[in-house]
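S.K.: Pasting in a structure now, in C-alpha cells, and then I'll have a few things to ask.
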Amino acid sequence: MRSSSSSKSSQNVVVLGATGSIGCSTLDVIRASKGAFTPFALTAHGRLDDLLKAAIETQPKFVVASDAAAAEAFNWSDLPSCTTLLTGTAGIQEVAAHSEADIIVSAIVGRAGLEGTFAAIEAGKRVALANKETLVVAGHLATKLAEQSGAEILPVDSEHSAIFQALMAGRTADVRKVILTASGGPFRKFTQQQLSAVTVDEALDHPTWKMGPKITVDSATMMNKALELIEAKWLFDLTVDQIDVVVHPQSIVHSIVEFVDGSMVAQMSPPDMRMPIQLAMTYPERTECPAKQLDLTTAFSLEFEPPDYERFPALKLGKEVAQRGGTCGAVLNAANEVAVQQFLEGKIRFVDIYRVCRHLLDEHPFESNPELTRLLELDAWAREESIKWITCCLRQAKDQACSNT
C-alpha cells in the first residue's frame, strides 16, 4: 500500500455519489481545503437538480448521471461549458479510472457502488471507501485486485477510520482484537414487542448521526454494524474472533484496538463524517478540518455496553457471513437492500428485515470462491427471491387475517 499522495499542488477528486450525505460532506471538505483538492468529476443517480447545482458551483471536468433515461429527460442547459456530461455505469467507470483522477471517493450506497469502486481499484487509484458493500460482497476480490494494481483502499466509515488510526500505535501482528463501537440506534432499549411495532419515521430518527434513509435503517437494525464487521475483516486482514462490537450511545469513541499487552488505543471525535473523509484524502498528512472539535473541558460521560444479539440478530448474521465468506456477503447485502426498501415503503415490519436476510442466506446456493460475475448473478437472484418471499408471506398473512374474520 502506498503511504503518500501525489506531489501535485492540487489533487483531482472524483466523488461517486456526490448528492448523498457522504458526497455532500466530501464537497464540504473540498471547499475548506484552500485549493488542495479540486472536484474532477461528480456522479449521481437521482437528484439531478442537486448534481447540476454542485456542478455549477464547483465546475468539474465531468458530471455523470448513472440513470441514462433520467439524464436524457433532464434539462442540462445550465451545465458549465467546461463540464462534460456522461451517463450510465460506463460513465462512472470512465471517471473512476480516468488518468487525471487522483482520489476516488466511493460514496454510492449499496451494490450500485461496486462497478465504480472496482474500476478505481483496477486503475491503481487511492480509493476513499465509504461504500462498504464493495468489501461485504467481494472483499476477497477487491483486496487481491488492490495488491495487484497498487491501489490504496482507505476507509471513510468512522469506525474503520478509527481502527486505521489506532493501528498506527503498534504492529498488526500484536493486535489482540479490534472493537467496533455502535450507537445502538434509536431502539437500543426497545423490547422485542416494541421493535415489532416500529414505524418508518421512528427508524429514520437517528439519535447521533445524520445519514441517508437506507443507512439510517441499517443502523436501527444494527445491520450496519454487521456489514462493518465483514468490512473490517477484509480491510485489516483480521479473523472473525478478533472483531468485537460494543454499544456506545454517544458516538464519540469510534473504535478501539486492543493489543496483546492489554493496551487499548481509541480514536475520539464528534460524530462528523467530514473528519474521516478528509483523513482518507490527505493521509499521511493531517490538516485543519471543518468538523467541530471535541472539547474535553466540557463535562460529558461515555457509556459502553454489550449488544443484545437476541433483539438485534443482524449482528449474528454479520459474524456468520464474515466466517463463511464466499457468496454469503453478496446474498446478505442484496436481501437487506430489498428488505429495507420494502420496510421504507410500508410493506413489511421492521423485524421482518432480519427474517428476509435469514431466509435468503439459508436458501442460497453457497460457493466458497466465486468470481465477480457470479457474485453479481447471485445479487440479482437474491433480490428477485427476496421480493418473491416477501410477496408470498404477505399473501399468507392476508389469507390468515381473512380466515380469522
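Residue 415 is where the sequence shown ends in the numbering used here, and the numbering goes up by one at each step. C-beta: ideal position from N, C-alpha, C; glycine also. On a predicted model such as this, the values are computed, not experimentally measured, just so you know.
(1) Between I113 and V39, which are expected to be in contact by the criterion C-beta below 8 Å, what is the C-beta distance as a whole number of angstroms?
(2) When the distance is taken between beta carbons, is Q277 closer than 8 Å to H264?
(3) Any beta carbon of chain C sitting closer than 8 Å to that of A192?
(4) List the residues that DSSP assigns as beta-bridge partners of L139.
(5) Anyone know if the C-beta pair for G30 and A117 falls short of 8 Å?
(6) Express the C-alpha separation of V105 and Q333 in angstroms, rounding to a whole number.
(7) Who are the Cβ neighbours of M11 in its own chain at under 6 Å, not counting the five residues just before and after it?
(8) Select from A46, A54, G45 and Q21 the residue whose C-alpha is nearest the C-alpha of C34.
(9) From the DSSP output, which residues share a beta bridge with K187?
(10) Identify every residue that forms a DSSP beta bridge with E295.
(11) Does DSSP put P49 in a helix, a strand or coil?
(12) For K154, does the count of other Cβ atoms within 10 angstroms reach 16, so buried, or fall short, so exposed?
(13) Measuring straight from C-alpha to C-alpha, what distance separates A111 and F50?
(14) Rank P380, I287 and D254 by C-alpha distance to the C-alpha of T297 and give the top, closest one.
(15) Assign A324 to buried or exposed, taking buried as 16 or more other Cβ atoms, counted over all protein chains shown, within 10 Å of its Cβ.
(16) Tell me, please, whether the region 326–343 touches the region 375–390 by the rule of three or more beta-carbon pairs shorter than 8 Å.
(17) With 16 as the cutoff for other CB atoms within 10 Å, does L304 come out buried or exposed?
(18) Provide the residue(s) that pair with Q21 in DSSP beta bridges, ordered along the chain.
(19) Going by alpha carbons, who is nearest to V256 out of I32, K187 and L61?
(20) Could you name the residues of the same chain whose beta carbon sits closer than 6 Å to that of A78, not counting the 5 residues immediately before and after it, in chain order?
(21) In this structure, does DSSP put A309 in helix, strand or coil?
(22) How many angstroms separate the CA atom of L19 from the CA atom of F47?
(23) Who are the Cβ neighbours of I189 in its own chain at under 7 Å, not counting the five residues just before and after it?
(24) Answer with buried or exposed for R405, where buried requires no fewer than 16 other C-beta atoms within 10 angstroms of its C-beta.
(25) Have a look at M283, G356 and A172 and flag the residue whose alpha-carbon is nearest the alpha-carbon of I32.
(26) Using a Cβ-Cβ cut-off of 6 Å (strictly less than) and excluding sequence neighbours within five positions of C92, which residues of its own chain qualify?
M.R.: A quick look at the data gives this:
(1) With a Cβ gap of about 11 Å, I113 and V39 do not count as contacting.
(2) yes
(3) Looking at the structure shown, chain C is missing, and only one protein chain is on hand.
(4) S116 and P165
(5) yes
(6) Those two C-alpha atoms are separated by around 35 Å.
(7) Residue confidence is low: M11 scores 39 on pLDDT, short of 50, so the model does not pin down where it sits. No coordinate-derived value is stated.
(8) Comparing alpha-carbon positions, the option among A46, A54, G45 and Q21 lying closest to C34 turns out to be A54.
(9) E268
(10) DSSP, once it has assigned bridges, lists no residue as partnering E295.
(11) strand
(12) Exposed is the call here.
(13) 7 Å
(14) Ranking P380, I287 and D254 by Cα distance to T297 puts I287 first.
(15) Buried is the call here.
(16) Yes: the two stretches touch, three or more of their Cβ pairs being nearer than 8 Å.
(17) exposed
(18) F47
(19) K187
(20) T97 and G98
(21) coil
(22) Per the sequence shown, residue 19 should be read as Ser rather than Leu. Distance between the alpha carbons of S19 and F47 is about 9 Å.
(23) D254, V256, S265, I266 and E268
(24) By the Cβ neighbour-count rule, R405 is exposed, with fewer than 16 other Cβ atoms within 10 Å of its own.
(25) M283
(26) Q69
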